[in-house]
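Participant: For the sequence shown, our numbering gives the first residue as 4, with consecutive numbering after it. Glycine is no exception: its CB is placed at the ideal position from the N, C-alpha and C atoms. Predicted model only: the values in this text are computed from it and were never measured. One structure coming up, written as structure tokens, with questions to follow.
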Amino acid sequence: MITQGNINFFVNWGKERLDEMEATLTSLEASAAEMQSDVREKAAKVLADLGKQRDAFRETLKKQSQAGEAAWGEAKTKMDADWRVFEAEAGKYLESFGKQLEQQQATFKLQADAQLKAWREIADRLGGDAEKFASERRADIDVALKRMSADAAEAEKKLEKLKQAGTHSWSALMTALTETRHAFDRANEAAREAFKRAA
4 MITQGNINFF VNWGKERLDE MEATLTSLEA SAAEMQSDVR EKAAKVLADL GKQRDAFRET
64 LKKQSQAGEA AWGEAKTKMD ADWRVFEAEA GKYLESFGKQ LEQQQATFKL QADAQLKAWR
124 EIADRLGGDA EKFASERRAD IDVALKRMSA DAAEAEKKLE KLKQAGTHSW SALMTALTET
184 RHAFDRANEA AREAFKRAA
């Protein structure tokens with residue numbers, strides 16, 4: 004039986020992506036104000052398109068937050084494709100309009116901070132949810148939550164190191180975010196499975 008708690012694992016996945024979209028747009032919009040007027044108009048159009056993609060992602064996440072697991076499977080596939088399009092378009096934007104290393108670093112920092120914040124919030128919320136289970140049914144959950152916390156700490160170290168170095172290429176920064184995002188997904192899925200076994 005699927006409970007609202009299990010469905011939240013899918014929402015966790017979507018919220019983490021949405022938080023990164025928000026961080027990306029915040030960074031890109033801040034730098035657009037400093038551009039020359041002829042370039043600023045082109046950049047504004049691309050930013051508007053990115054904003055529409057983010058809004059559509061947010062709307063899908065909102066609609067799906069009450070859906071069952073089967074519906075989430077289909078929606079997640081589409082949302083994952085939408086996320087990859089957003090990520091690719093943001094990368095093209097930075098290549099076209101944000102060639103300065105500082106802009107790339109600022110965007111990376113905001114994305115990394117958004118990702119780490121999502122890890123912490125979700126781990127805290129799951130820890131609270133785990134308290135509702137009887138102690139004999141919590142062993143798997145506790146293991147999964149400890150693993151999630153350890154993975155989050157490792158991801159934080161990796162991202163902090165990259166943020167402080169400040170000299171990595173955009174592709175190297177995006178590779179690091181992708182790796183930590185996949186670690187988040189694995190930890191989220193492991194916690195989901197642990198909660199299902201304990202239910």
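Does DSSP classify Gly76 as helix, strand or coil?
Facilitator: helix
Participant: Confirm, please, whether the CB-CB distance from Arg189 to Ala86 is below 7 Å.
Facilitator: The sequence given here places Trp at residue 86; Ala does not occur at that position. Not closer than 7 Å, so no.
Participant: How is the alpha helix (DSSP H) around Lys66 delimited, first residue to last?
Facilitator: Under the DSSP assignment, Lys66 falls in the alpha helix (DSSP H) whose first and last residues are Ser40 to Gln67.
Participant: Give me the Cα-Cα distance between Glu92 and Leu53, rounded to the nearest whole angstrom.
Facilitator: 7 Å
Participant: Classify Ser152 as helix, strand or coil using the three-state DSSP reduction.
Facilitator: helix
Participant: Need the endpoints of the alpha helix (DSSP H) that Ala193 sits in, please.
Facilitator: Trp173 to Ala201
Participant: Which term fits Asp127, buried or exposed, when burial requires 16 or more other beta carbons within 10 angstroms of its beta carbon?
Facilitator: exposed
Participant: Please classify Lys66 as buried or exposed, where buried requires at least 16 neighbouring CB atoms within 10 angstroms.
Facilitator: Exposed.
Participant: What is the rounded straight-line gap between the Cα of Lys18 and the Cα of Asp116?
Facilitator: 14 Å
Participant: Under the rule that 16 or more other beta-carbon atoms within 10 Å means buried, what is Val146, buried or exposed?
Facilitator: exposed
Participant: Restricting to Cα atoms, I'd like to know which of Glu23, Arg200, Thr183 and Thr80 is closest to Arg141.
Facilitator: Arg200
Participant: Just verifying my parser: in three-state terms, what is the DSSP assignment at Phe136?
Facilitator: It is coil, neither helix nor strand.
Participant: Which one of Phe198, Lys120 and Gly94 has the shortest CA to CA distance from Lys135?
Facilitator: Phe198
Participant: Where Val88 and Asp143 are concerned, what is the direct C-alpha to C-alpha distance, given to the nearest angstrom?
Facilitator: 36 Å
Participant: Suppose you measure from the CA of Met38 to the CA of Ala73; what does that come to, to the nearest Å?
Facilitator: Taking the CA atoms as reference points, Met38 sits about 46 Å from Ala73.
Participant: Which one of Glu196, Gln114 and Gly130 has the shortest CA to CA distance from Trp173?
Facilitator: Gln114
Participant: Identify whether Ala26 lies in helix, strand or coil by the three-state DSSP scheme.
Facilitator: helix
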